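Single-structure report; data block below.
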C-alpha cells in the first residue's frame, strides 16, 4: 500500500480557492504539456507533502528539455547507423566507449532498484543527472570529434554509434513509465532491428548486462576523469587570462610522476580528444614553466599555451598541416584523408 501527502503550493499551504493558489492538472497540461505533469508527479517524493508552483513546473520543463535534447543528439547521430550491419563487437571498442557502457549498467541497476521500491523520484534524478553530467557534459562532448570528422564507415565512428544506440535504447525504456510519449517518440525514430516491437510500451525494462561491467576499467577512467577535471580548470584559467578563447585553441602539456604517469601513458595518444584540445603532450618527471599543480592529484602539473598551426575549418582543431595541401588549403591532413575516403 502506498500513501502520499497533500498537494500544496510552493509555501507549503494547502490548495484553496479563497487563497487563489489552486493549480489544476488541466491547467498544467495546457501550459506545459502532459509530459511535464507526469514528470512533476514522478520527481516528487510522495511520502511527504508535494509542492507545486509555476516556478517548480518551469524548472521541470527545463529539466525535460535537457533530457529531450540529450536524446535528440544521440538520435540525430544515428541517421546512418544500421544496428544489424554496423554494430561493433565490445572487445573492439575504444576504452572510453566501454567505460560508457559500464556506467550505463550502474544507471540501470539503480533505476531498477528504485522501480522495485516505488521511488520514482530517484529514477527521475538518476536519469536527469546521467543525461546532463555523464553524457552531455562528458561522453557526448568527447564523441563529437569522432562522429563529425571520421570517415562514415570508420570503426571508431561506428563504435561510437553502436554505443549511442545502446544508450538511447536503454534510456528510453527506463523512462518509458514516466515520460511515456517522449520515450515512444524516440522509439519510433530509432534505427530498427527486424524484431523491434511497434511501441516501446510493448517491451520490457532493460536489465543489467554483465558483459559491459568492468570494474578495473572503470577505476582507471574515474582517475582519468579527475585528471580531466584538473585540466579543465587550467583551461578555464587560461581563458580568463585571455591566453586562449576556446579549448581547441589550446596546447596542453601534462607533466606527471609515479602512478599518475603510469595511468596516463597508455592514453597519451588519446589525450587530445579526451581533453578536447588541439594538442596534448605527456612528459615524465619534468618541471615545466608556467605550469599549475593538479589539485589533489599527486605528481601532476599542467601547462596551457596557444596551439600551433592554423585552425582547420572542418574539425576546428589547430594543426600545422593546415594550408599544406593546395587542393584543400583550409583543412588539416586528418580531414583530407577523411574526405578522400568519402569520395
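Numbering (the working numbering), first residue to last: 1 to 343.
Built from N, CA and C at the ideal position, the CB exists for glycine as well.
Because the structure is a prediction, the values reported are computed rather than measured.
{"Check": "CB contact below 8 Å: residue 286 versus chain B", "Outcome": "The displayed structure is made up of one protein chain only, and chain B is not part of it."}
{"Check": "Per-residue DSSP class, three states only, for residue 251", "Outcome": "strand"}
{"Check": "Residue 303 - DSSP class collapsed to helix/strand/coil", "Outcome": "strand"}
{"Check": "Beta-carbon contacts of residue 74 that lie in its chain and below 7 Å, excluding the five residues immediately before and after", "Outcome": "164, 167 and 168"}
{"Check": "Local conformation of residue 135 per DSSP, three classes", "Outcome": "helix"}
{"Check": "Straight-line Cα distance separating residue 250 from residue 242", "Outcome": "11 Å"}
{"Check": "Alpha helix (DSSP H) segment containing residue 57, residue limits", "Outcome": "54-76"}
{"Check": "According to DSSP, residues forming a beta bridge with residue 310", "Outcome": "319"}
{"Check": "Span of the alpha helix (DSSP H) around residue 26", "Outcome": "25-32"}
{"Check": "Cβ-based burial, residue 146 [other Cβ within 10 Å; buried from 16]", "Outcome": "buried"}
{"Check": "Coil, strand or helix - residue 281 by DSSP", "Outcome": "strand"}
{"Check": "Secondary structure of residue 163, DSSP reduced to three states", "Outcome": "helix"}
{"Check": "Same chain, Cβ closer than 6 Å to residue 284, five either side skipped, listed in chain order", "Outcome": "261"}
{"Check": "Contacting residues, own chain, Cβ-Cβ under 7 Å from residue 336 (five flanking each side not counted)", "Outcome": "325 and 328"}
{"Check": "Cβ contact check for the stretch 260-279 and the stretch 137-152: 3 or more pairs under 8 Å", "Outcome": "yes"}
{"Check": "Residues that residue 158 bridges to, as DSSP identifies them", "Outcome": "Answer is none; residue 158 lacks a bridge partner."}
{"Check": "Residue 40 and residue 23 closer than 8 Å at C-beta", "Outcome": "no"}
{"Check": "Own chain residues within Cβ distance below 7 Å of residue 290, not counting five before or after", "Outcome": "303"}
{"Check": "Close beta carbons around residue 109, own chain, < 6 Å, minus the five adjacent residues each side", "Outcome": "208"}
{"Check": "Reference residue 85, options 162, 32 and 256, closest by Cα", "Outcome": "162"}
{"Check": "Neighbour-count burial assignment, residue 45, 16 or more Cβ in a 10 Å radius", "Outcome": "exposed"}
{"Check": "Meets three-Cβ-pair contact criterion under 8 Å: the stretch 194-209 and the stretch 223-243", "Outcome": "no"}
{"Check": "Backbone secondary structure at residue 337 - three-state DSSP", "Outcome": "helix"}
{"Check": "The stretch 46-66 / the stretch 2-15 touching (three or more Cβ pairs under 8 Å)", "Outcome": "yes"}
{"Check": "Residues bridged to residue 51 [DSSP beta-bridge criterion]", "Outcome": "8"}
{"Check": "Residue 91 and residue 217 closer than 8 Å at C-beta", "Outcome": "no"}
{"Check": "Residue 132 and residue 107 closer than 8 Å at C-beta", "Outcome": "no"}
{"Check": "From 102, 128, 57 and 309, residue whose alpha carbon lies closest to that of residue 30", "Outcome": "57"}
{"Check": "Secondary structure of residue 43, DSSP reduced to three states", "Outcome": "helix"}
{"Check": "Euclidean distance between Cα positions of residue 206 and residue 334", "Outcome": "39 Å"}
{"Check": "Delimiting residues of the alpha helix (DSSP H) encompassing residue 105", "Outcome": "95-116"}
{"Check": "Residue 244 burial status per 10 Å Cβ neighbour count (16 or more: buried)", "Outcome": "buried"}
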